[in-house]
DNA sequence: ATAGGGTTAG
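In the UniProt record's numbering, the protein residues as written are 1 to 528.
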């Protein structure tokens, strides 16, 4: 590539916009330097954006920024935007980048110049979102003191900041105070309610939106999916396509995820075809969604096939495969994929270890499970989350290692939840540990006093131990306390385009008798 | 010359 020294600024930007590689970047930077153009901050501005967005070389962008003596507000917004998009693209989202962005914002405040404007605040707020609500609040007060809180863009960004932390009352106040509401602020609110678990409110708001765009549809589809309303997510996707909106990669990955949860392989395949036919294409998010969908639907060959097709496997790609193999009990496979992953130098994260520990639990690989639990903490510096504890307690409990299990529970830095005590209870039932079972039940009832299942499980423990007097007491207790008026559990499966729905304990299905017989056989073959 | 909303793995 050759650039004439007489290039106008306009032409320089035009050349930049046609380039795409690191080599181009270095060449243009050198060219700007030699021709004296590099001294102009507007040149640096374009180079920073190019380095960050096209070449995705954050270090280069930062170098350009640091080499500028008194960066103006445009340079600050360019580098902030670089950090924010790099942080979002990283998996898991990088706190490092968010902190770097906040440090730059603090520098602006300390120096007093350039003064942050309505373009800077939204970027800083996006960085602050992932760090904590305290920082969002203090940025809010800075914005107000600077008299910038009248900008709807800033208020919308604040709305997002508060709603990410479940503070919907504050978010709602900001929304109501907007001078003009648009599709962006509506979407932010819908997405906020959904993230806060108020998916009903989110749906009502979505229906009331004066106009919708792809992001708005994506927000509600993702929101339904996050809250377990998978049928609704797929339904809304259908409505979206029916209304003539063109789904993008985000939409497709959300719907694929919903299909996976529902086991709707047919619809998942249709969406696969859709991605194939339309310009949605096969970016990494769609590919990861496909692995997840095929895997969850039990089509592991499909999942593996897609996986093998992915050229740049991200952590998510590996995690998708590992978790669907774990889900279907291919424990040995999980361990070998995990080793393969480490062989390729991909650093596992919390999600990887959930899959791995699940595999060890279901495969009965007790020693391996303990080994990986240790490895996760000591070699990878990952603090176990409740899911990891759930796996390890299940693992130790099934192996009858109750003292070890109790030690782990007492060392936990987070409160044990119903999954933990439930796993322990189940293990107590299998290994006839009546006293420990009573402890587990007590803990479970503290967590959820109205759940009759726990009490009935206790009754089972007693009856299997032949303690008939205790069984009678438990049943009486259930009756008197009137516990357990919960909606029955429900599951469904799609067979030949027909959906079969089952409530717990119901016998309405025409094949009910056969189904229960098969279930009994399954239960019998699973007995210890 | 610059900006705000939607993302997948447990």
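A virtual CB, placed ideally from N, CA and C, is assigned to each residue, including glycine.
I believe residue i touches residue j by the beta-carbon criterion, under 8 Å. Please report the beta-carbon distance rounded to the nearest angstrom.
i	j	result
residue 158	residue 106	Not a contact, Cβ separation roughly 18 Å.
residue 82	residue 52	3 Å
residue 21	residue 55	7 Å
residue 287	residue 267	About 18 Å separates the two Cβ atoms, so there is no contact after all.
residue 80	residue 103	The Cβ separation is near 11 Å, so there is no contact.
residue 462	residue 455	About 11 Å separates the two Cβ atoms, so there is no contact after all.
residue 160	residue 188	5 Å
Given a cut-off of 9 Å on the beta-carbon distance, is the pair residue i and residue j in contact?
i	j	result
residue 237	residue 250	no
residue 391	residue 358	yes
residue 120	residue 77	yes
residue 599	residue 382	With the chain covering only 1 through 528, there is no way to say anything about residue 599.
residue 406	residue 370	no
residue 533	residue 87	A question about residue 533 goes unanswered here, because the residues of the chain that appear run from 1 up to 528.
residue 63	residue 13	no
residue 254	residue 284	no
residue 393	residue 424	yes
residue 202	residue 191	yes
residue 432	residue 457	no
residue 297	residue 273	no
residue 363	residue 328	no
residue 304	residue 315	no
Quick check on the DSSP output: the alpha helix (DSSP H) that includes residue i runs from which residue to which?
i	result
residue 234	230-242
residue 70	Premise fails: residue 70 is in no alpha helix (DSSP H) and is neither H nor E.
residue 170	168-176
residue 365	Run containing residue 365: none; DSSP gives neither H nor E here.
residue 201	199-208
residue 106	95-111
residue 462	452-464
residue 146	That residue, residue 146, is in no alpha helix (DSSP H); it is neither H nor E in DSSP.
residue 188	183-195
residue 31	22-34
residue 307	300-309
residue 219	214-226
residue 340	331-343
residue 44	41-49
residue 511	Unbroken run through residue 511: none, as it is neither H nor E.
residue 412	Looking at the DSSP string, residue 412 is not in any alpha helix (DSSP H), and its letter there is neither H nor E.
Comparing alpha-carbon positions, which option in the options lies nearest residue i?
i	options	result
residue 380	328, 352 and 183	352
residue 365	341, 377, 378 and 334	334
residue 174	411, 210, 166 and 154	154
residue 610	19, 299, 289 and 428	The chain is shown from 1 up to 528; residue 610 falls before or after that span and cannot be answered.
residue 118	283, 346 and 146	146
residue 75	170, 123, 30 and 28	123
residue 419	431, 435, 436 and 440	440
residue 242	217, 336 and 229	217
residue 326	346, 344, 292 and 133	292
residue 434	212, 442, 190 and 465	465
residue 323	460, 49, 344 and 355	355
residue 240	212, 386 and 23	212
residue 415	40, 447, 134 and 66	447
residue 60	44, 261, 207 and 430	44
residue 331	360, 313, 312 and 304	360
residue 136	164, 104, 204 and 248	164
residue 408	373, 139 and 509	373
residue 261	421, 182 and 229	229
residue 38	23, 421, 7 and 388	7
residue 460	450, 427 and 443	427
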